[in-house]
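**Student:** Here it is: the structure, laid out below.
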Amino acid sequence: MSVPSSDTAIAALSGLLSDEGERITRLWSKRLRAETYEVEVPGRDLRAPLRHLLDELARLLESRGEDAVRLWPEVVRSHGAFRYDQNFEPEDLTREFKSLQEVLLYVYARRNGGVIDADVAELVSELVWEADASAQASYARVLKTEEVRFREAAVMESVLNHVEVGILLAETDGMVSFASPPVSRLMGVPMRAVVGARAASTLGPVLTQVNARHPTGEPFKVQDMPFLRALREKGPVRGVMMQVERPGGGDATLEMSATPVWEEDQVLAGVIQTFSDRTEAAVKTKALENAHDEVRRLQGQLLRRTRQQALGQLASGAAHALNNFLNVLRLRITLLQREYKPEHVEALDRTVRQIGELVARLQEFSVQRTEERLGNVPVDQTVREALELARGELEQREHPVHTELDLGFPWGVKADAGFFRELIVSLLLSARDRMEGGGTLVVRTRPSGEAWLELRLEDGGRPYAQDELAGLFDPLRRDPGAPQFSLFLAVARTQVQRWGGDLTVENRRDGSGASFIVRLPRYSDVSAGAPPPSAKPIPQAPGGVPRMPARARRVLVVDDDLDNARMMAEVLGEEGYDVQVAHSPEVALRIWEKHPYDAALLDAVMPEMTGWELARELRQRTPQALLAIVTGMDVRGQNRASLAQVDAVFRKPIDVGALDDFLSQTRGEEEPEPAEEPGPHDATH
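Heads up: the sequence shown begins at 1 in full-length UniProt numbering, then just goes up one per residue.
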């Protein structure tokens, strides 16, 4: 089919239909009535179908351009069948489209000062006669099929009797006018129970008779039927499930859908509803859901077992390390009792610091995390910390596992510090379980390219077979030796992938064991050779305004542990501070009311009131005072509102030098930066 139209002609005709559509429709219907005066069009508006055709033509010209010549005949195709129902003859169809051509050219000429462009005339002619040919073809097809309609109806009736899907037809008033035999079979009731009356009066007793209910167990009501919902909502309703009890016994699960049926003039004619038997699928789905719930339950048990096992192993290793530290303390104290030497005191102080660092790392490992806090995690330092946590469990065995460190990644990765440390500890302990006869475990860190970390843990266990490597990360893999190991690996890989990396395993090239490899993107160029800098505590008023009092001389120590409070007071007194001790928050508030202090050191955990709550009370009374929490607990669970009430957090065992720096602050010339929330490395703040 040739398309002689140009873009100019298409634009001109599109504008004409948009501006003069109503007028063209009026003139077309008037001329058509005059042309087909002998045709009786019973009780119908002659303009409506004509306006629909013109609106579609305008839409196609505007959106599809030259393709409108090819697409509009498809729109007009049903018009031939429509005119057949109105007793039009084929000649009447031809006269109808000839009238359209005349009206279009007439209105265009009047709009254009009597001039008709050749391209526009050619475009109109092409559109009209292609549409006429399409309508004539549709008309002829209806004419030819009229003689076999009865035979088709008989065939359709036979098909509806034998298909497994039930079909129900409902009128706009809710009356069920037809139901195929499968509806009766699926519902378990005779046809006469659902056909011939309105749903409100017939379906209610039927639904009660078959004990119809939703999958949740709630009764299925008449208004829940999809065809009634489709009538109310004027739209399709899909996938409504209903369970029924059939008279012969047994439950059935039915899936129902409803689709509105519209006449050509967009008037709702009724609704078709389908019924499908989903009993077998529902049984299988229920079985799968039960199996899935069981798998999730088992996974949860394995995850808890894995974590509990790891914590138990860490507790054993930590007890071993603490006993070593305590033994050193006892020996040093014995030497001090015999003869005072400064080196004994320095050794005692060093051992206490080591114990504090070990406890802090254990707290970080065992804290119950609900969300990740991503940051720049120094890799080599974290490996050393993880090794210290696991060293006791690695070496305290009949066949110890010794660790060889080969660290060469002086940068950080973007990860959660606690999770990353816990991941390395778990991999170390898993490698230990593989090395039953002991040996050497090598931990290497290297750059991979310019932007990646490669962390390798090379154990000396049995190499994996190829089929074992393929299923090692399958969380449901059954491993008689360590049934939770694959589940741990699956969880660990998912965690590393969340950080943008991957966890893999391969056999060592020399055949002496396997290597677990963690690859993560490098965080930045900042050196990770030292821990992240701690924020020096800067006092702030409740509104966030920097608060720098003069040197704090009067200090209130609040601690329900008498020995801790007295020792703190004695040490601060030796440093030149005027110290008062309160053994409860209630006593502290009474003392503060009489004479406010320059600073207060508050124990975090006390029976009547926590240190955080006491800090809030003191802050309201004296906004400019320096307030610090002194605790042996991990403070990361505290919310920001509580942390904002204090100026610093000191971890036990306390660094007296850092405490003196805090209490002796003086007003500076430069405005200080706001304090940051205490992090895991803030040993003194």
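Positions of the beta carbon are idealized from the N, C-alpha and C atoms, including for glycine.
Is residue 687 helix, strand or coil when you go by DSSP?
**Tutor:** Nothing about residue 687 can be reported from this structure: the residues present for the chain run from 1 to 685 only.
**Student:** Buried or exposed for TRP411, please, with buried defined as at least 16 other CB atoms from any protein chain shown within 10 angstroms of its CB.
**Tutor:** For the purposes of this step, residue 411 is identified with residue 411 of the sequence shown, where counting begins at 1. When all chains shown are included, TRP411 counts as buried.
**Student:** Take PRO254 as the anchor and find which of ARG619, PRO260 and VAL244 has the nearest alpha-carbon.
**Tutor:** As a position in the sequence shown, residue 254 is number 254, starting the count at 1. A quick correction: the sequence has Leu, not Pro, at residue 254. The shortest Cα separation from LEU254 among ARG619, PRO260 and VAL244 belongs to VAL244.
**Student:** For GLU343, which of helix, strand or coil comes out of DSSP?
**Tutor:** Residue 343 sits at position 343 when you count from the first residue of the sequence shown. Here GLU343 sits in helix by DSSP.
**Student:** Hey, could you find the ends of the beta strand (DSSP E) GLU506 is sitting in?
**Tutor:** Walking along the sequence shown from the start, residue 506 turns up at place 506. Unbroken beta strand (DSSP E) run through GLU506: 502-507.
**Student:** What distance in whole Å lies between the Cβ atoms of LEU143 and residue 687, which are believed to be in contact at a cut-off of 8 Å?
**Tutor:** It is not possible to answer for residue 687, since the shown part of the chain is limited to 1 through 685.
**Student:** So ASP132 and LEU93 are supposed to be a Cβ contact under 8 Å. How far apart are they, rounded?
**Tutor:** Translated into positions along the sequence shown, residue 132 becomes position 132. Translated into positions along the sequence shown, residue 93 becomes position 93. At roughly 7 Å, the Cβ-Cβ gap stays under 8 Å, so ASP132 and LEU93 are in contact.
**Student:** So, using beta-carbon positions, are ARG444 and LEU427 closer together than 9 Å?
**Tutor:** Here residue 444 refers to the residue found at position 444 when the sequence shown is read from its first residue. Here residue 427 refers to the residue found at position 427 when the sequence shown is read from its first residue. Their beta carbons are not under 9 Å apart, which means ARG444 does not touch LEU427 by this criterion.
**Student:** Consult DSSP for GLN266 and reduce its assignment to one of helix, strand or coil.
**Tutor:** Along the sequence shown, read from residue 1 onward, the residue named residue 266 stands at position 266. In the structure shown, GLN266 sits in coil (DSSP, three-state: anything other than H, G, I, E or B).
**Student:** Could you give the distance in angstroms between the alpha-carbon of GLY235 and the alpha-carbon of GLN497?
**Tutor:** On the sequence shown, residue 235 is found 235 positions in, with the first residue counted as 1. On the sequence shown, residue 497 is found 497 positions in, with the first residue counted as 1. Cα-Cα distance, rounded: 44 Å.
**Student:** Using the three-state DSSP reduction, which class does THR351 fall into: helix, strand or coil?
**Tutor:** Residue numbering aside, residue 351 sits at position 351 when the sequence shown is read from its first letter. In this structure, THR351 counts as helix in the three-state DSSP scheme.
**Student:** Report yes or no: do the stretch 371-387 and the stretch 401-420 share at least 3 C-beta pairs separated by less than 8 Å?
**Tutor:** Yes: at least three Cβ pairs fall under 8 Å.
**Student:** Bridge partners of THR631, per DSSP?
**Tutor:** To locate residue 631, count along the sequence shown from 1; it is residue 631. BP columns for THR631 point to ARG651.
**Student:** Using DSSP's beta-bridge definition, name the partner residues of GLU404.
**Tutor:** One-based indexing of the sequence shown puts residue 404 at position 404. GLU404 pairs with VAL442.
**Student:** Whose C-alpha, out of GLY375, GLY437 and PRO378, is nearest the C-alpha of HIS399?
**Tutor:** Within the sequence shown, the letter at position 399 stands for residue 399. HIS399 has its Cα closest to that of GLY437, out of GLY375, GLY437 and PRO378.
**Student:** Can you tell me which of ASN211, ARG232, GLY576 and THR274 puts its alpha carbon nearest to the alpha carbon of VAL240?
**Tutor:** Within the sequence shown, the letter at position 240 stands for residue 240. If we check each option's Cα against that of VAL240, THR274 comes out closest.
**Student:** Exposed or buried, THR208, counting other C-beta atoms within 10 Å across all chains shown (16 or more means buried)?
**Tutor:** Translated into positions along the sequence shown, residue 208 becomes position 208. Exposed.
**Student:** Assuming LEU601 and ALA582 are in contact, meaning their beta carbons sit under 8 Å apart, how far apart are those beta carbons, in whole angstroms?
**Tutor:** Indexing the sequence shown from 1 puts residue 601 at position 601. Indexing the sequence shown from 1 puts residue 582 at position 582. With a Cβ gap of about 10 Å, LEU601 and ALA582 do not count as contacting.
**Student:** Between the C-alpha atoms of ARG421 and ALA514, what's the straight-line distance to the nearest angstrom?
**Tutor:** As a first step, residue 421 is located in the sequence shown; it is residue number 421 there, counting from the start. As a first step, residue 514 is located in the sequence shown; it is residue number 514 there, counting from the start. In a straight line, the C-alpha of ARG421 is about 21 Å away from that of ALA514.
**Student:** With burial defined as no fewer than 16 other Cβ atoms inside 10 Å of the residue's Cβ, what is the status of ALA12: buried or exposed?
**Tutor:** Counting from one through the sequence shown, the residue named residue 12 turns up at place 12. So ALA12 ends up on the buried side.
**Student:** Let me check one thing: in DSSP terms, what residues is ILE167 bridge-paired to?
**Tutor:** Position 167 of the sequence shown, counted from the start, is the residue given in the question as residue 167. For ILE167, which the question treats as bridged, DSSP gives the partners THR274.
**Student:** Hey, how far is the Cα of PHE178 from the Cα of LEU168?
**Tutor:** Here the question's residue 178 lines up with position 178 in the sequence shown. Here the question's residue 168 lines up with position 168 in the sequence shown. Their Cα atoms are separated by approximately 6 Å.
**Student:** Report back the beta-carbon spacing between LEU374 and ASP416 to the nearest angstrom; my notes put them in contact at under 8 Å.
**Tutor:** In the sequence shown, the residue the question calls residue 374 occupies position 374. In the sequence shown, the residue the question calls residue 416 occupies position 416. That pair is a contact at about 6 Å.
**Student:** Report the option in GLN495, GLY460, ASP19 and LEU268 whose CA atom is closest to the CA atom of PHE473.
**Tutor:** Here residue 473 is taken as the residue at index 473 of the sequence shown, counted from 1. Ranking GLN495, GLY460, ASP19 and LEU268 by Cα distance to PHE473 puts GLN495 first.
**Student:** Does the distance from the C-beta atom of TRP283 to that of GLY270 stay below 9 Å?
**Tutor:** As a position in the sequence shown, residue 283 is number 283, starting the count at 1. As a position in the sequence shown, residue 270 is number 270, starting the count at 1. What sits at residue 283 in the sequence shown is Val, not Trp. Contact: no.
**Student:** Which residues in the same chain have their Cβ closer than 6 Å to the Cβ of THR279, if we skip the five residues on either side of it in sequence?
**Tutor:** What you label residue 279 is simply residue 279 of the sequence shown in a count that begins at 1. Here the set comprises ALA252 and THR253.
**Student:** Within a Cβ cutoff of 8 Å, which residues of the same chain sit near GLY356, ignoring the five residues on either side of it in sequence?
**Tutor:** In the sequence shown, counting from the first residue as 1, residue 356 sits at position 356. For GLY356, where only same-chain residues beyond five positions count, the Cβ hits under 8 Å are ARG651, LYS652, PRO653 and ALA683.
**Student:** Taking the straight line between their C-alpha atoms, what separation do you get for ASP598 and VAL656?
**Tutor:** Residue mapping note: residue 598 aligns to position 598 of the sequence shown, counting from 1. Residue mapping note: residue 656 aligns to position 656 of the sequence shown, counting from 1. Their backbone Cα atoms lie some 18 Å apart in a straight line.
**Student:** Taking all protein chains shown into account, decide if TYR577 is buried (16 or more other Cβ within 10 angstroms of its Cβ) or exposed.
**Tutor:** Numbered from 1 along the sequence shown, position 577 holds the residue referred to as residue 577. Result: buried.
**Student:** Would you mind reading off the limits of the alpha helix (DSSP H) that contains TRP452?
**Tutor:** Within the sequence shown, residue 452 is the residue found at index 452, counting from 1. Taken as a continuous stretch (DSSP letters only), TRP452 belongs to no alpha helix (DSSP H), being part of the beta strand (DSSP E) at 452-458.
**Student:** Just the Cα atoms here: how many angstroms apart are ALA193 and MET256?
**Tutor:** Taking the sequence shown and counting its residues from 1, one reaches residue 193 at position 193. Taking the sequence shown and counting its residues from 1, one reaches residue 256 at position 256. Between ALA193 and MET256, the C-alpha separation is close to 18 Å.
**Student:** Please tell me whether, using a cut-off of 8 Å, the distance from the CB of ALA658 to the nearest non-hydrogen atom of the ligand PLP is below it.
**Tutor:** Ligands are entirely absent from the displayed structure, and the ligand PLP is therefore not among its contents.
**Student:** Assign ILE424 to buried or exposed, taking buried as 16 or more other Cβ atoms, counted over all protein chains shown, within 10 Å of its Cβ.
**Tutor:** Stepping through the sequence shown from its first residue, residue 424 is reached at position 424. Result: buried.
**Student:** Which residues in the same chain have their Cβ closer than 7 Å to the Cβ of MET609, if we skip the five residues on either side of it in sequence?
**Tutor:** Sequence index remark: in the sequence shown, residue 609 carries index 609 (1-based). Closer than 7 Å at Cβ, skipping near neighbours: PRO585.
**Student:** Do you know whose CA, among THR172, LYS98, LYS30 and TRP129, lies nearest VAL69's CA?
**Tutor:** Translated into the one-based positions of the sequence shown, residue 69 becomes position 69. Cα-wise, what sits closest to VAL69 is TRP129.
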